[in-house]
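For the sequence shown, our numbering gives the first residue as 2, with consecutive numbering after it.
We treat Cβ as the ideally placed atom computed from N, Cα and C, and that holds for glycine.
Here is the structure we will look at, set down as structure tokens.
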Amino acid sequence: TIFVDVTEETTIAGYLWVKRPVIIFANTDLDVNFQTQMKSLRQGAEELAARDVVVLVDTNPANKTALRKKFRPRGFAVLLMGKDGQIKLRKPFPWDARELSRSIDKMPMRQQEMRSK
2 TIFVDVTEET TIAGYLWVKR PVIIFANTDL DVNFQTQMKS LRQGAEELAA
52 RDVVVLVDTN PANKTALRKK FRPRGFAVLL MGKDGQIKLR KPFPWDAREL
102 SRSIDKMPMR QQEMRSK
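This is the structure in structure tokens:
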């Protein structure tokens, strides 16, 4: 599965140069934006997996996870990171899995991966 629930110990370090983390923040898993986002990501899971995406889900602000401390989301947020650990895009609203895949395909490292396959 490409979906991982964030714990207080979750960091980006284990994903560097291996995966493209998509981090989903919400104040609750009942958030309408969160539910819309997760539905879209589940529908596009296969194409996201082909792009080495891992979806990190954090819906409990009380946990004060390392990711929350680092990125300081205000309510719902979607962050796309490159394999280098840099934030490539940040959105305050749900993002279609197809749009996400297109954005990844424009990244230089992804283009290099596609050429070498």
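Return the residue from the list Arg73, Val5, Gly86 that minimises the CA-CA distance to Trp18.
Taking the first residue of the sequence shown as position 1, residue 18 is located at position 17. The candidate whose alpha carbon is nearest that of Trp18 is Gly86.
Rounded to whole angstroms, what is the Cα-Cα separation between Val23 and Gln38?
If you number the sequence shown from 1, residue 23 lands on position 22. If you number the sequence shown from 1, residue 38 lands on position 37. Approximately 11 Å between the Cα atoms of the pair.
Let me make sure I understand the geometry here. Which of Arg73, Pro95, Asn64, Glu47 has the alpha-carbon closest to that of Val79?
Position 78 of the sequence shown, counted from the start, is the residue given in the question as residue 79. Among Arg73, Pro95, Asn64, Glu47, the Cα nearest to that of Val79 belongs to Pro95.
Residues near Lys89 in its chain [Cβ-Cβ closer than 6 Å; skip 5 each side]
As a first step, residue 89 must be located in the sequence shown, where it is residue number 88. The residues are Leu81, Gly83.
Collapsed DSSP secondary structure at Val7 in the structure displayed:
For the purposes of this step, residue 7 is taken as the residue at position 6 of the sequence shown. In the structure shown, Val7 sits in coil (DSSP, three-state: anything other than H, G, I, E or B).
Can you check DSSP and say which residues form a bridge with Asp59?
Working through the sequence shown from its first residue, we reach residue 59 at position 58. Per DSSP, the beta-bridge partners of Asp59 are Phe26.
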